[in-house]
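Sequential numbering of the sequence shown, starting at 307, is according to my numbering.
Glycine included, every Cβ here is placed at the ideal spot set by N, Cα and C.
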Amino acid sequence: MAKPLIVGNWKMHKTVGEAVDFARRLRDALSANLDRSVAVAPPFTAIYPVAQVLKGSGIGVCAQNMHEKAAGAYTGEVSAPLLADAGCEYVIIGHSERRTYFGEGDDVVNRKIKAARGSGLKAICCIGETLQEREAGQTFSVIERQAKKGLRGLNAAEIGGVAIAYEPVWAIGTGKTATPDEARDVHLFIRDIVKGEYGEGITADLQVIYGGSVNPANIADLMARPEIGGVLVGGASLDIESFAKIVRF
Ligand code: PGA
Numbered sequence: 307m308a309k310p311l312i313v314g315n316w317k318m319h320k321t322v323g324e325a326v327d328f329a330r331r332l333r334d335a336l337s338a339n340l341d342r343s344v345a346v347a348p349p350f351t352a353i354y355p356v357a358q359v360l361k362g363s364g365i366g367v368c369a370q371n372m373h374e375k376a377a378g379a380y381t382g383e384v385s386a387p388l389l390a391d392a393g394c395e396y397v398i399i400g401h402s403e404r405r406t407y408f409g410e411g412d413d414v415v416n417r418k419i420k421a422a423r424g425s426g427l428k429a430i431c432c433i434g435e436t437l438q439e440r441e442a443g444q445t446f447s448v449i450e451r452q453a454k455k456g457l458r459g460l461n462a463a464e465i466g467g468v469a470i471a472y473e474p475v476w477a478i479g480t481g482k483t484a485t486p487d488e489a490r491d492v493h494l495f496i497r498d499i500v501k502g503e504y505g506e507g508i509t510a511d512l513q514v515i516y517g518g519s520v521n522p523a524n525i526a527d528l529m530a531r532p533e534i535g536g537v538l539v540g541g542a543s544l545d546i547e548s549f550a551k552i553v554r555f
């Protein structure tokens with residue numbers, strides 16, 4: 307079993323100074339041989355300086371998005387090789403905010419995952435249903451579509467570096483969390499899908515993590531379910547004390 311994976315997604319927050327200060331404090335607060343994998347996802351502008359601070363600490367740096375092409379005339383975009391060069395180890399792909407506000411669909415997500423893996427980045431592929439879909443009883447069909455299309459055609463080496471984040475859209479930034487049992491049921495379903503596509507061997511190491519209003523008060527309950535392999539944290543990752551508590555759950 308892989309170590310629990312805990313990632314703080316800062317979204318469009320923190321100046322370079324604030325990000326570096328946070329990274330220093332996190333590095334000093336956590337012991338180097340922590341029994342979990344930890345990463346922070348700063349905005350693009352702070353990736354390089356944060357990576358410099360965290361070098362050798364065991365804490366990873368994650369990008370929040372990337373472009374599917376490696377290089378070229380794509381004004382305003384950032385590619386996987388550039389992120390790897392700046393010190394990223396992970397990249398979040400298909401976050402619901404990318405899907406909702408920037409029109410990213412499952413095919414783009416699939417191409418981005420392949421590009422990320424081709425540059426040696428670990429991909430955190432986000433999937434999750436909206437409130438409307440949940441209320442219409444479509445949670446499992448949405449998850450199945452997003453997982454199958456998002457991971458389509460990956461080879462063993464590619465899938466080996468992918469974590470799946472189950473983030474019900476209605477739980478993101480709303481203070482509402484899926485109950486640990488609701489999350490567990492979807493996590494089991496995701497594992498079954500990946501097992502069906504890639505075989506039993508892959509799923510032993512597959513990390514399926516939960517996201518959506520995770521905070522220091524609900525982390526222990528979520529992580530008490532062995533099916534929940536970690537968390538993707540938004541709002542509660544912006545404050546060092548709160549994030550450190552989540553990491554040490
Ligand atoms: P939240 O965000 O923790 O603020 O709900 C989670 C996410 O967007 O990954």
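Expressed to the nearest angstrom, what Euclidean distance is found between the alpha-carbon atoms of Val553 and Ala335? Your numbering for residue 553 matches position 247 in the sequence shown. Your numbering for residue 335 matches position 29 in the sequence shown. Cα to Cα, the separation comes out at about 10 Å.
Let me check you understand the geometry: is the CB of Lys501 closer than 8 Å to at least one non-hydrogen atom of the ligand PGA? Position 195 of the sequence shown, counted from the start, is the residue given in the question as residue 501. Answer for Lys501: no, Cβ out of range of the ligand PGA.
Run through DSSP, which three-state label would His401 get? Position 95 of the sequence shown, counted from the first residue, corresponds to residue 401. Here His401 sits in coil by DSSP.
What's the C-alpha gap between Phe555 and Glu410? Locating residue 555 in the sequence shown gives position 249, where the first residue counts as 1. Locating residue 410 in the sequence shown gives position 104, where the first residue counts as 1. Their backbone Cα atoms lie some 33 Å apart in a straight line.
Expressed to the nearest angstrom, what Euclidean distance is found between the alpha-carbon atoms of Asp412 and Arg404? Reading the sequence shown from its first residue, position 106 is the one you call residue 412. Reading the sequence shown from its first residue, position 98 is the one you call residue 404. For Asp412 and Arg404, the distance between alpha carbons rounds to 11 Å.
Let me know the secondary structure DSSP gives Leu494 once reduced to three states. As a working note, residue 494 is residue 188 in the sequence shown. Note: Leu494 maps to helix in three-state DSSP.
DSSP three-state label for Lys418, please. Here residue 418 is taken as the residue at index 112 of the sequence shown, counted from 1. Reduced to three states, the DSSP call for Lys418 is helix.
Delimiting residues of the beta strand (DSSP E) encompassing Leu538: For the purposes of this step, residue 538 is identified with residue 232 of the sequence shown, where counting begins at 1. Per DSSP, Leu538 belongs to the beta strand (DSSP E) from 536 to 539.
Can you give me the start and stop residues for the alpha helix (DSSP H) that Ala392 sits inside? For the purposes of this step, residue 392 is taken as the residue at position 86 of the sequence shown. It spans 386 to 392 - the alpha helix (DSSP H) in which Ala392 sits, taken as one unbroken run.
Starting from Leu544 and walking both ways along the alpha helix (DSSP H), at which residues does that stretch end? Locating residue 544 in the sequence shown gives position 238, counting from the first residue. Counting along the chain, Leu544 falls outside any alpha helix (DSSP H), and DSSP gives it neither H nor E.
Considering just the uninterrupted stretch of the beta strand (DSSP E) at Ile470, what are its terminal residues? Here residue 470 corresponds to residue number 164 of the sequence shown, with the count starting at 1. 468 to 472 is the span of the beta strand (DSSP E), which, as asked, contains Ile470.
With 16 other Cβ atoms within 10 Å as the buried cut-off, status of Thr480: The residue labelled residue 480 in the question sits at position 174 within the sequence shown. Result: exposed.
Note down the Cα distance separating Phe495 from Phe446, rounded to an integer number of angstroms. Within the sequence shown, numbered from 1, the residue matching residue 495 stands at position 189. Within the sequence shown, numbered from 1, the residue matching residue 446 stands at position 140. C-alpha separation (whole angstroms): 8 Å.
Using three-state DSSP, classify Ser447 as helix, strand or coil. As a working note, residue 447 is residue 141 in the sequence shown. Ser447 falls in the helix class under three-state DSSP.
Coarse secondary structure for Tyr516, derived from DSSP in three states: Along the sequence shown, read from residue 1 onward, the residue named residue 516 stands at position 210. Strand.
Close-in-space but distant-in-sequence residues of the same chain around Gly434 (CB under 7 Å, 5 per side omitted): Here residue 434 refers to the residue found at position 128 when the sequence shown is read from its first residue. Taken in chain order, the residues that qualify are Ser402, Tyr472, Glu473, Pro474, Val475.
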